[in-house]
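Taking the working numbering, the leading residue of the sequence shown gets 3, the next gets one more, and so forth.
Just below is one structure, and these are the notes that go with it.
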Amino acid sequence: MSYNIPNHLKGLNNNEVTALRKKYGYNQIDGINKNAGLELLMDILKEPMLMLLFAISIIYLIIGDYGEALFMFLSIAVVSAISLYQDTRSKKALEALEKLNEPLSKVIRNAQVIEIPTHEITVGDLCIIEEGKMVNADGEIIHSNDFSVNEASLTGESLSVFKNSESEDNKVYSGTLTVSGLAVFKVEKIGKDTRIGKIGISISEIKEENSPLQLQIGRFVKAMAIVGIVIFGIVCTVNYYHTNNLIDSLLNGLTLAMSVLPEEIPVAFTTFMTLGAWKLMRDGIIVKRSNIVETLGSTTVICTDKTGTITENIMQLKHLYNYQSDTIFNETDFDNTSLSPLIDYAMWSSEPVPFDPMEKTLHSLYTQTKRGDQQKEFQMIHEYPLDGKPPMMTHLFENKKKQRIIAAKGAPEAILNVSTLSGNEKDRVRNIIKTLGQQGFRILGVAKSNFEGNNFPEKQQDFRFDFLGLVVFYDPPKKNIQEVFRHIYDAGIKVKVITGDNIDTTRSIATQAGIKHTSEAIEGKDIMEYTEEQLLQAAQEKVLFTRMFPDAKLAVVNALKKKGEVVAMLGDGVNDGPALKAAHIGVAMGSKGTEIAKAAAALVITNDDLDKLITGIASGRRIYANIKKAIQYIISIHIPIVLTVSLPLFLGWKFPQIFTPVHVIFLELVMGPTCSIVYENEPMERNTMLKKPRKMTDTFLNWKELVVSIIQGLVITIGVLFVYQYTVQNGGSEEKTRAMVFTTLIFANILLSLANRSFHYSLFESFKNKNILFVIINFLTIIMLFAILYIGPLANFFHLTGLNIAELGMAAIIASTSVLWFEVYKLVRRLR
């Protein structure tokens, strides 16, 4: 793109960049703690499970059981390593996301305009900012063209401010937004030295709010921790009453507390969300906050812009309507001399450095058809930015001879309203607009005016305009868009089109794109006149929202939220910012979206393909479903562990201490990776995107699901305790009984992890969902179990003995029976 930048602006050379960067560093707020690794380790060591392991290790040391103490310390190392691996993996994924979230900035270096990552801006750089872009450093304006900036992020003032190199305040500040025009500024401060940087350091310390699911999981884990403390007290008391042995009582109590605490759940949640965001990033969807992945799966309404989202945003100029001759010209006739005034004023009413695709097309047409280019002769002396309902914009130019050009363009109705045409003449033009609009064309009106003196009207609508004609663009729907909307509707998600375009054009494009219920539409000006009750009803019932402006878009999004909808808002323009920010999920377009839109959005689609949003929603649903599977698995397997540890003690059975801390920690080491790493990798079930979205207010486990998990756990408990009593009744020693119980529980754990891959499809059907991690983890579990059973020193350490084929077969049969009944339950549900 040509920027009309003065030739004397050369920028820094490579040697200067290197020297200045060495002196001033990078353009980023350096909030990274150099001891982050140590802090991460300290946070892990504060985990309740590790604190219990420490307490048990100390007790073993006190009583002289150094083997058990060593095993506990090794377990601490292994648990810490697993947690550290998962946290580091999550941290790296987040860092990769942050890197992708970083916008590019345009700078002049070595007399060339180049794009660089924003953190590479250095003091002394010449930065170029234009309409829709964010200022990424503090500096002084040295060249500008109709430049205005919104500094609300610093001052709270919502109105934009015009600035140039001669202004009293000729500074620009990082974090502010370019509203119009273009400026080149020389960077004076970067990173933490900028005004926003000084605020940013304190902002970075503010913790992100927890999502509803995080809060629910947190409450559940706290409740289980309280249960663990109570049971610990009861077990200690009962055991001490029977044995008068304080150390044994403490060990029994701590063993039970370990078996109750479901510490895998919060770890699993963090892993699922962060890795989910990282996987989406690989698919071209940049997620700003990892917990937004959870919300994605709950989306009930998608509010989409039309231009660039449903359409290609290529803006082919198809027709020109010349009012003077009352003629519609096709593309082949644009060189007709009678069109010269219309083409000229369409170009003059556009930005001198065009940002919008339509304006780029108009500039190109002017260059192709104009014999004498007057752009260098005329300088802009005043501008009225895009405003009004419907909107229009006006530019005033003047040359050295004081000749003026006053050009306006905008929504056809806006231009007609300010024109000198009579009522009948306006109706004639409106009929042409309607005919063209019904064919899906995007239409702009063009007008000119005259004005003597410099006391310009406060509002552009106060000029008297001569109507010149219409410029007619065609922006075709994207090729795959019908398939995209079919997937959206199949997933039970509603669609709303929210656009600044007129009703006829919007309806035509929406119908071509496969959007349903497009017969009725509503305009932004009508929305703002509605009562709250009318607005809520309209937002729910209508599909097409046309001639929309920022306040109207925001009103619709907020109304949908009040109706309990989970709203995903798609947009790419400056005026989409408020609605993107207000929606549950603001989605910006990465290629053609403005920096304002990207800054306000929660996620960015890098290639502007709406189909990626379906990928994101599917990912959100997959992750939520897998979290539930992991949690249900954890609940189910914890129940037999807790009851196998406690019931023999409470009921006074022959071997009351059937499990010690070493057995429980072994089971924890198996369960941890299964729920947080293996289930996270589980593919989406094939019916997932054919279900209605879940309600955001739903708890992560409803009573029915919780009861199913409890029953699963109780049936496994019955099987394990049956093996216990069977072995005892047949004269089995404590070591033999422990081996049978332990083996049965391990087999049941493996089968449960496989059965819970789906709560609808059969276990065998689930094998079609390839997940190599299930094979790896379960294979390693079997290897470790056999090592414990048949390697003498390990068997002695775990206080158990080897099993023969018949005993192994019995353990496997009992485990299968106590788990695989669930397959019959699933079959009955499927048949219903």
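The beta-carbon is built from N, C-alpha and C at its ideal position, and this holds for glycine as well.
These numbers were taken from a predicted model, which means no experiment stands behind them.
For residue j and residue i, believed in contact at Cβ under 8 Å, the rounded distance
| i | j | result |
| --- | --- | --- |
| Ile-408 | Asn-456 | With a Cβ gap of about 13 Å, Ile-408 and Asn-456 do not count as contacting. |
| Glu-684 | Asn-751 | Incorrect: roughly 17 Å between the Cβ atoms, too far for contact. |
| His-321 | Val-474 | 4 Å |
| Ser-176 | Val-137 | 6 Å |
| His-121 | Tyr-28 | 5 Å |
| Gly-126 | Leu-217 | At roughly 48 Å, the Cβ-Cβ gap does not stay under 8 Å, so Gly-126 and Leu-217 are not in contact. |
| Lys-188 | Glu-142 | 5 Å |
| Tyr-476 | Gly-439 | 11 Å between Cβ atoms; not a contact. |
| Val-680 | Phe-661 | Not confirmed; about 24 Å, so no contact. |
| Arg-623 | Gly-299 | 4 Å |
| Glu-737 | Leu-649 | So it is not a contact: roughly 20 Å between Cβ atoms. |
| Thr-301 | Ile-495 | 6 Å |
For residue i, the nearest candidate out of the options (CA to CA)
| i | options | result |
| --- | --- | --- |
| Gln-370 | Glu-333, Ile-517, Phe-274 | Glu-333 |
| Arg-251 | Val-777, Glu-767, Phe-652 | Before going on, a small fix: residue 251 reads as Ser here, not Arg. For the residues Val-777, Glu-767, Phe-652, the minimum Cα distance to Ser-251 belongs to Phe-652. |
| Ile-144 | Ser-169, Gly-502, Ile-785 | Ser-169 |
| Pro-414 | Met-394, Ala-225, Ala-599 | Met-394 |
| Val-743 | Phe-800, Ser-768, Tyr-242 | Phe-800 |
| Gly-278 | Arg-696, Ile-793, Asn-628 | Asn-628 |
| Gln-376 | Pro-392, Pro-354, Ile-316, Ile-131 | Pro-354 |
| Asn-147 | Glu-153, Lys-135, Phe-164, Gly-141 | Phe-164 |
| Leu-833 | Lys-461, Ile-712, Tyr-763 | Tyr-763 |
| Val-589 | Thr-297, Gly-494, Glu-682 | Thr-297 |
| Cys-238 | Gly-199, Gly-526, Leu-253, Pro-795 | Leu-253 |
| Phe-467 | Lys-224, His-397, Leu-822, Gln-441 | His-397 |
| Ala-561 | Asp-574, Thr-548, Lys-544, Arg-444 | Lys-544 |
| Pro-459 | Ile-116, Phe-380, Tyr-386, Ala-603 | Tyr-386 |
| Gln-462 | Lys-563, Ile-607, Ser-421, Gln-634 | Ser-421 |
| Leu-829 | Leu-802, Pro-552, Ala-757 | Ala-757 |
| Leu-556 | Ala-601, Thr-513, Thr-501 | Thr-501 |
| Asp-285 | Asn-732, Leu-605, Tyr-827 | Leu-605 |
Close-in-space but distant-in-sequence residues of the same chain around residue i (CB under 8 Å, 5 per side omitted)
| i | result |
| --- | --- |
| Asp-492 | Met-691, Leu-692 |
| Lys-411 | Tyr-347, Ala-348, Ser-351, Ser-352, Met-394, Met-395, Ile-417, Leu-446, Gly-447, Val-448, Ala-449, Val-473 |
| Leu-612 | Thr-306, Thr-311, Ile-312, Lys-480, Ile-483, Val-486, Leu-572 |
| Lys-565 | Leu-538, Ala-541, Gln-542 |
| Tyr-532 | Ala-540 |
| Pro-552 | Asn-577, Asp-578, Gly-579, Pro-580, Ala-581 |
Close Cβ partners of residue i (< 6 Å) along its chain, the five nearest in sequence each way excluded
| i | result |
| --- | --- |
| Leu-364 | Ala-348, Met-349, Ser-352 |
| Thr-676 | Ser-755, Ile-779 |
| Ile-2 | The structure shown has nothing for residue 2, since the chain only spans 3 to 834. |
| Glu-525 | Thr-548, Arg-549 |
| Phe-761 | none |
Own chain residues within Cβ distance below 7 Å of residue i, not counting five before or after
| i | result |
| --- | --- |
| Phe-749 | Ala-813, Ala-814, Ala-817 |
| Arg-509 | Thr-520, Ala-523, Leu-546 |
| Ile-490 | Ile-304, Val-497, Ile-616 |
| Ile-34 | Model confidence at Ile-34 stands at a pLDDT of 40, short of 50, so the residue's coordinates are unreliable; what they give is reported in the following sentence. Cβ neighbours of Ile-34 beyond the five flanking positions: none. |
| Phe-75 | Ser-59 |
| Ala-57 | Leu-256 |
| Ser-820 | Val-717, Ile-718, Ile-720, Gly-721, Ala-750 |
Nearest-angstrom Cα separation, counted from residue j out to residue i
| i | j | result |
| --- | --- | --- |
| Asn-482 | Ile-312 | 10 Å |
| Val-295 | Phe-331 | 50 Å |
| Asn-780 | Glu-133 | 57 Å |
| Ile-784 | Gly-592 | 48 Å |
| Ser-206 | Asn-338 | Because Ser-206 carries a pLDDT of 43, less than 50, the predicted location of this residue cannot be relied on, and no value is offered for it. |
| His-384 | Phe-465 | 13 Å |
| Asn-15 | Asn-112 | 5 Å |
| Asn-433 | Gln-536 | 30 Å |
| Lys-378 | Lys-694 | 59 Å |
| Ile-790 | Val-777 | 20 Å |
| Leu-716 | Ala-79 | 32 Å |
| Met-673 | Ile-587 | 34 Å |
| Gly-199 | Asn-704 | 45 Å |
| Ala-38 | Lys-24 | Here the model assigns Ala-38 a pLDDT of 49, short of 50, so the residue's position is not dependable, and the following value carries that caveat. Roughly 24 Å between the two C-alpha positions. |
| Val-19 | Gly-193 | 16 Å |
* To do: Enumerate, from N- to C-terminal direction, the unbroken alpha helix (DSSP H) stretches of 4 or more residues contained entirely within the stretch 269 to 348.
  => Taking only runs of at least 4 residues, the alpha helix (DSSP H) segments lying wholly in the stretch 269 to 348 are 294 to 298.
* Asked: Considering only residues of the stretch 692 to 753, which uninterrupted alpha helix (DSSP H) runs meet the minimum length of 4 residues and lie entirely inside it, listed in chain order?
  -> DSSP assignment within the stretch 692 to 753 yields the following whole alpha helix (DSSP H) runs of 4 residues or more, N-terminal first: 705 to 731.
* To do: Please go through the stretch 477 to 511 and give each complete alpha helix (DSSP H) segment of 4 or more residues, from N-terminal end onward.
  => Within the stretch 477 to 511, the complete alpha helix (DSSP H) segments of 4 residues or longer fall at 483 to 492, listed in chain order.
* Curious, which full-length beta strand (DSSP E) runs of at least 3 residues does the stretch 150 to 193 contain? -> DSSP runs (the beta strand (DSSP E)) wholly in the stretch 150 to 193: 179 to 191.
* Mind pulling the alpha helix (DSSP H) runs of 4 or more residues that sit fully within the stretch 336 to 422? -> As far as the stretch 336 to 422 is concerned, its whole alpha helix (DSSP H) runs of at least 4 residues are 342 to 350, 359 to 371, 414 to 420.
* To do: Within the stretch 538 to 579, note down every full alpha helix (DSSP H) run reaching 4 residues or more, in order along the chain.
  => Qualifying alpha helix (DSSP H) stretches, in chain order: 552 to 564.
* Give, in chain order, every unbroken run of the alpha helix (DSSP H) that is at least 4 residues long and sits entirely within the stretch 624 to 649. => Within the stretch 624 to 649, no alpha helix (DSSP H) run of at least 4 residues lies entirely inside it.
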